[in-house]
Amino acid sequence: MKKVFLLFLLWVNLVSQVSAKSIDAEFEAFKKTASAQDMYTFLYAMPKGGDLHNHSTGSNRSEWWYSEILNQQKNGYIYYTKIKINNCKGYGTNEFGRTPYLMLFVNIQEFELKKLSSCEQSEYKRIQDLDTQQKQAWLNSIRLDKSTEGRDEFFQTHWARINSLMANPYMQANLIVKNMQAFGAEGLSYLETDAGVRGFVHPDGSPFEKENVYQLYLTRFAQKDALATGVTVKLQYSLLRFLPNAEDSLKWMYEFVATHPELYVGVDMVGREDNEKGHPLRFLSTLRQLRHQHHSVNLSIHAGESDEPNQHIRDTLLLGATRIGHGLNLTGDPDTLLLMRYNQYLIEINLISNLLLEYVDDYSQHPFPEYLRLGIPVALSTDDRGMWDSNMTDEYFTAVTHFNLSWSELVKLGANSLSYSFLDGKKKQQLLDDYYHRVATFEAKFTQQNIQGFKHIKPESYSFACKRFKVCGN
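The C-terminal residue of the sequence shown carries number 517 in my numbering, and the numbering is unbroken.
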C-alpha cells in the first residue's frame with residue numbers, strides 16, 4: 044500500500060512538472076505574438092496574490108476622491124479647495140501652518156474655512172461647485188499628470204494639497220473598500236495598506252476617539268460590498284520617521300498594533316530617505332526596548348529608495364524588519380545582498396513609483412530582475428498608485444515587457460506576496476491554497492483556449508496604461 048502511495052505521489056509530481064512546462068512554453072509563445080492589448084488582458088485576468096506596499100491615501104484615484112467628497116455631504120462634511128491667490132498673505136504658510144500659502148488646490152473643511160479672514164475665504168470654492176475646467180485642474184493636482192512632474196512634486200505638493208481630506212475616517216474607510224473592489228477585479232485576494240486611527244475630526248472639527256475609528260474600520264470592512272470583493276484587508280500603522288517626535292510615535296504605534304490584532308498586523312516606517320533625520324539607526328534603541336515589551340508586531344521599513352549608495356538596508360534588517368520597501372540600492376551593498384539571497388526577507392518592488400519619482404531614468408537601471416533571479420524574495424506592489432493613476436496589472440505588464448518574465452516567475456511573485464504577508468499562519472495558508480487553485484484553473488483555460496478564453500474580459504485601466512502602453516481601458 045505504501046509503495047502504491049509513493050508511486051501516486053511520484054505521478055502527481057511528474058504531472059505537475061509537465062503542466063508547468065506546458066504553460067511556460069505556451070506563455071513564451073504568447074509573448075512573441077501578443078499585442079499590447081492582448082498581453083494586458085491576459086495579465087489583468089491572471090490570478091494575483093496581494094499588495095504589500097500600499098499607502099491608503101496615495102492609492103486613491105483623483106476621481107474616487109471627488110466622488111467620495113460628494114458622498115460625504117450626508118455625514119455633514121463640506122470641502123473647499125483653493126482656486127486663486129488674492130495676496131491676502133505674502134509669505135509663509137496658511138492659517139493652519141500646514142501648507143504653503145502660495146499653493147493652489149489645497150483642500151480644507153468648512154469649519155476651517157470659517158476661521159480664515161474674508162480675503163482668504165474668497166480664495167476658496169466648494170469642491171462640488173467647481174466648473175469643468177477647475178474640476179479637471181483639481182483632479183490633476185493630486186496625481187503626476189505631466190512629464191515634468193516627479194519626486195519634488197510628489198513629496199512637496201501632493202500631500203499638502205490633500206490636506207484635510209485625510210481627516211475623515213468615513214472617507215478613509217470607504218476609499219479602502221474602493222481599492223479592494225478595484226484590486227479584486229484584477230485578481231488580487233489580499234491588501235495590506237497603511238491607515239491610522241489618530242488625527243480624524245468630525246465636521247465641526249472636534250476629534251474622533253481612536254477606538255471609535257478602529258471600530259468604524261471593522262464595521263466598514265465587514266459590510267457586504269467589502270466582503271463581495273473577495274479581498275482580505277489588513278492594516279499597518281505608518282510612522283513618518285523624520286519627525287522630531289518619531290520615537291514617541293513609534294512606541295504608541297507598537298502598543299496599539301499589539302493590542303488590536305484583529306485588524307492591525309504591523310508597523311511601516313515611511314518617509315523620504317534623503318531626509319537624514321529619519322536614518323534607520325536612529326530607532327535602534329527604541330525598537331530594542333519595544334521588543335522587550337511586545338510580541339507579534341511585524342515591521343516593514345522603506346529602505347534603499349535613494350540615489351546614493353548606503354547601508355540603510357543592512358541597518359533596517361538590524362532594526363528587525365522582515366520586509367524592505369523599494370530596496371533599490373542594495374546592489375551597492377554586496378554583503379547585505381548576499382545575506383538576503385534565499386532568506387526570509389522580502390523586497391517590495393514598486394516599478395512605476397521608482398520610474399516616476401526619478402530613482403531610475405529607465406527600467407534598464409532597475410535591479411528588480413537581478414534580485415528575482417539571484418533568489419532574493421521579491422513581490423510587485425503599487426505604492427501610491429492613485430498618484431500614478433495605475434493599477435497592479437500595470438506593474439505586471441511593466442515587469443513582463445521589460446524583463447521577459449516567465450510564467451513560473453509570475454506565479455512566484457504572486458505567491459511571495461502572500462507568503463511574506465503579515466497574516467497569521469492559518470489565514471495565510473488559506474489564501475495560498477486558494478491562489479494556487481486559481482492559478483491552476485487559469486492555466487488550464489489558457490492552455491486550452493489561449494487568449495481567446497479571456498476575450499470577454501474588459502480590463503479597467505487608467506491613464507498610466509493609456510499613455511505608456513497605449514492600452515486605454517473603460
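Using N, Cα and C, we set each Cβ at its ideal position, and we do this for glycine too.
query: Do three or more CB pairs link the stretch 335-346 to the stretch 359-369 at distances below 8 Å?
result: With the rule of 3 Cβ pairs closer than 8 Å, the stretch 335-346 counts as touching the stretch 359-369.
field: Length-filtered (3 minimum) beta strand (DSSP E) runs lying within the stretch 349-407
entry: Complete beta strand (DSSP E) runs here, min 3: 366-369, 389-392.
- request: On a CA-only basis, which of 264, 119, 77 is nearest residue 593? Give me that one, please.
  value: In the structure as shown, the chain begins at 44 and stops at 517. Residue 593 is therefore absent and cannot be evaluated.
message: Which of the three DSSP states is assigned to residue 52 in this structure?
response: In this predicted model, residue 52 has a pLDDT of only 38, less than 50, meaning its place in the structure is not dependable; the value taken from the coordinates is given anyway. Residue 52: helix per DSSP, three-state reduction.
task: Could you please give the first and the last residue of the uninterrupted alpha helix (DSSP H) stretch that includes residue 462?
output: Judged by DSSP secondary structure, residue 462 falls within the alpha helix (DSSP H) whose first and last residues are 450-462.
query: Do residue 100 and residue 494 have their C-beta atoms closer together than 8 Å?
result: No, they are not a contact pair.
task: Write down the C-beta distance between residue 436 and residue 393 rounded to the nearest angstrom, noting that I regard them as a contact closer than 8 Å.
output: Incorrect: roughly 14 Å between the Cβ atoms, too far for contact.
message: Let's test the definition: count the other Cβ atoms within 10 Å of the Cβ of residue 10 and tell me whether it reaches 16, buried, or not, exposed.
response: Past the boundaries of the shown model lies residue 10; the chain is included only from 44 to 517, so the question cannot be answered.
message: Along the chain, where does the beta strand (DSSP E) containing residue 104 start, and where does it finish?
response: Note, residue 104: premise wrong, no beta strand (DSSP E); not H, not E.
query: From residue 442 to residue 131, what does the alpha carbon distance come to, in whole angstroms?
result: Distance between the alpha carbons of residue 442 and residue 131: 49 Å.
query: If you run the structure through DSSP and keep just helix, strand and coil, what is residue 482?
result: Per DSSP, reduced to three states, the secondary structure at residue 482 is helical.
Option in 110, 267, 243, 266 with minimal Cα separation from residue 256: Comparing Cα positions, the closest option is 243.
- request: Would you mind stating whether residue 302 and residue 276 have Cβ atoms separated by less than 8 Å?
  value: No, the pair does not count as a contact, with Cβ atoms beyond the cut-off.
- prompt: Based on the DSSP output, what are the partners of residue 516 in its beta bridges?
  reply: Under the DSSP definition of a beta bridge, residue 516 lacks any partner.
query: CA-CA distance, residue 155 and residue 248?
result: Their Cα atoms are separated by approximately 8 Å.
query: Comparing the C-beta of residue 159 with each C-beta of chain B, is any distance below 8 Å?
result: Looking at the structure shown, chain B is missing, and only one protein chain is on hand.
message: Whole angstroms are fine: how far does the CA of residue 421 sit from the CA of residue 485?
response: Their Cα atoms are separated by approximately 23 Å.
- prompt: Which word fits residue 311, buried or exposed, when buried means at least 16 other C-beta atoms lie within 10 angstroms of its C-beta?
  reply: In summary, residue 311 is buried, with 16 or more beta-carbon neighbours lying within 10 Å of its beta-carbon over all protein chains present.
query: Is the Cβ-Cβ distance between residue 231 and residue 94 less than 8 Å?
result: Yes, they are a contact pair.
message: According to DSSP, is residue 498 part of a helix, a strand, or is it coil?
response: Assigned with DSSP and collapsed to three states, residue 498 falls in coil, not helix or strand.
Contacting residues, own chain, Cβ-Cβ under 7 Å from residue 139 (five flanking each side not counted): Reliability fails at residue 139, whose pLDDT of 43 lies under 50, so the model's placement of it is uncertain and the value that follows must be treated cautiously. The answer, listed in chain order, is 155.
message: Short of 6 Å in beta carbon distance, which residues of its chain neighbour residue 354, apart from the five on each side in sequence? Order them along the chain.
response: Closer than 6 Å at the Cβ level, and outside the excluded window around residue 354, lie 376.
message: Which residue wins for smallest C-alpha separation from residue 145, given the options 182, 167, 161?
response: Put simply, of 182, 167, 161 the residue whose alpha carbon is nearest the alpha carbon of residue 145 is 167.
- request: Pair every Cβ in the stretch 276-292 with every Cβ in the stretch 317-327, then say whether three or more of these pairs are closer than 8 Å.
  value: At 8 Å Cβ cutoff, the stretches touch.
message: DSSP three-state label for residue 317, please.
response: It is coil, neither helix nor strand.
task: Give the secondary structure of residue 442 by DSSP, where H, G and I count as helix, E and B as strand, and everything else as coil.
output: DSSP places residue 442 in the helix class (H, G or I) of the three-state scheme.
- prompt: Does the Cβ of residue 207 have 16 or more other Cβ atoms within 10 Å, making it buried, or fewer, making it exposed?
  reply: So residue 207 ends up on the buried side.
- prompt: Going by C-alpha distance, which of 253, 327, 267 is nearest residue 300?
  reply: Nearest option by C-alpha distance: 253.
- prompt: For residue 235, which residues does DSSP report across the bridge?
  reply: Residue pairing of residue 235 in beta bridges, as defined by DSSP: 277.
query: Just to confirm, are residue 229 and residue 91 a CB contact at a threshold of 8 Å?
result: Closer than 8 Å, so yes.
message: Just to confirm, is the Cβ distance from residue 460 to residue 507 under 8 Å?
response: At a Cβ-Cβ threshold of 8 Å, residue 460 and residue 507 do not count as neighbours.
- prompt: Bridge partners of residue 151, per DSSP?
  reply: Residue 151 has 123 as its beta-bridge partners, per DSSP.
query: Three-state secondary structure (DSSP) at residue 89?
result: Of the three classes helix, strand and coil, the one that applies to residue 89 here is coil, per DSSP.
Rounded C-alpha distance that separates residue 389 from residue 462: Answer to the nearest angstrom: the Cα atoms are 10 Å apart.
- request: Pull up the distance between the alpha-carbon of residue 351 and that of residue 467, whole angstroms please.
  value: Approximately 36 Å between the Cα atoms of the pair.
task: Can you check DSSP and say which residues form a bridge with residue 410?
output: Answer by DSSP bridge pairing: none, since residue 410 is not bridged.
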